[in-house]
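Written out below as structure tokens is the structure these notes cover.
Residue numbers (this note's numbering), protein chains in the order written: chain A, -9 to 102; chain B, 79 to 193.
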């Protein structure tokens, strides 16, 4: 099981770009990297997923270096509503036995 | 339309009681899960079912018993509730195996409080 390490918390002002980095040194060849967002009293919500290089969608960008031992979630121009916990997950492989456990995540606090 | 729905949203009960939490997904997903989120916000998998077959059964007390009558439903029954069972329980689903490539869709959670 690929273990992930993220900062426990981050603060940012509204309108700034926020980058949250996740370390996953023992990522396997077939593993994908997925980020989730969780608001209080809600279940986690899928944000973005990638395998290598860069992935962008309407919500965020995901940067993955060539060695894939880390990844960075980038949130452009955050607003107060982006205050949440962000989880980095590394899957155990394509189509195989999956036992994904979320870490403690990064608590992002956006300040007015 | 709620994709993954759990009931009840809140559950307060006394020690020793037996309770059930229900989950239904209308996404046509093949795999469903139960996760437990404790007071420290650590989200840990408990069970996973693929097409009604138990795939993952983590080290949880056998007082917890999942049941999947069909691939759209995964219920969780808990016998002889203990104080340490107090947590938020999340149901989730995914298309195909696991979440590595397809992503989970979570329900809104059931906050269980044992008094």
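All C-beta atoms, glycine included, are put in the ideal place defined by N, C-alpha and C.
* Going by other Cβ atoms of all chains shown within 10 Å of its Cβ, with 16 needed for buried, is residue 29 of chain A buried or exposed? -> On the first chain, residue 29 of chain A is found 39 positions in, with the first residue counted as 1. With fewer than 16 other Cβ atoms within 10 Å, it is exposed.
* Asked: Does residue 149 of chain B come within less than 8 Å of chain A when only Cβ atoms are used?
  -> Sequence index remark: in the second chain, residue 149 of chain B carries index 71 (1-based). No, residue 149 of chain B lies away from the interface with chain A (no Cβ there is under 8 Å from its Cβ).
* Asked: So, does the CB of residue 161 of chain B fall closer than 8 Å to a CB anywhere in chain A?
  -> Sequence index remark: in the second chain, residue 161 of chain B carries index 83 (1-based). Under the Cβ criterion of 8 Å, residue 161 of chain B is not counted among the residues facing chain A.
* Residue from A:100, A:50, A:25, A:33 with nearest C-alpha to residue -4 of chain A -> In the first chain, counting from the first residue as 1, residue -4 of chain A sits at position 6. When only C-alpha atoms are compared, the closest one is A:25.
* Asked: Relative to chain A, which residues along the stretch 117 to 145 of chain B have a C-beta separation below 9 Å, given in chain order?
  -> If the cut-off is 9 Å between Cβ atoms, the stretch 117 to 145 of chain B has 118, 119, 120, 121, 122, 123, 126, 133, 134, 136 near chain A.
* Whole angstroms is fine: what's the gap from residue 186 of chain B's alpha carbon to residue 164 of chain B's? => The residue you call residue 186 of chain B lines up with position 108 of the second chain. The residue you call residue 164 of chain B lines up with position 86 of the second chain. Roughly 16 Å between the two C-alpha positions.
* Asked: Listing by chain order, which chain B residues have their CB less than 9 Å from the CB of residue 94 of chain A?
  -> Sequence index remark: in the first chain, residue 94 of chain A carries index 104 (1-based). Within chain B, the residues near residue 94 of chain A are 118, 119, 120, 121.
* Mapping DSSP to helix, strand and coil, what is residue 87 of chain A? -> Taking the first chain and counting its residues from 1, one reaches residue 87 of chain A at position 97. Its pLDDT being 45, under 50, residue 87 of chain A is placed unreliably in this model, and the value from its coordinates should be taken loosely. The answer is coil: DSSP assigns residue 87 of chain A none of H, G, I, E or B.
* Is DSSP giving residue 40 of chain A helix, strand or coil here? -> The residue you call residue 40 of chain A lines up with position 50 of the first chain. Reduced to three states, the DSSP call for residue 40 of chain A is strand.
* To do: Report buried or exposed for residue 127 of chain B, applying the criterion of at least 16 other Cβ atoms within 10 angstroms of its Cβ.
  => Here the question's residue 127 of chain B lines up with position 49 in the second chain. With a threshold of 16 other beta carbon atoms within 10 Å, residue 127 of chain B meets it and is buried.
* Look at the Cβ atom of residue 52 of chain A, then the Cβ atom of residue 61 of chain A, and state whether they are nearer than 8 Å. => Reading the first chain from its first residue, position 62 is the one you call residue 52 of chain A. Reading the first chain from its first residue, position 71 is the one you call residue 61 of chain A. Taking the C-beta atoms as reference points, residue 61 of chain A is found nearer than 8 Å to residue 52 of chain A.
* residue 19 of chain A: contacting residues in chain B (beta-carbon distance under 9 Å) -> As a first step, residue 19 of chain A must be located in the first chain, where it is residue number 29. Within chain B, not a single residue places a beta-carbon under 9 Å from that of residue 19 of chain A; the smallest gap is close to 12 Å.
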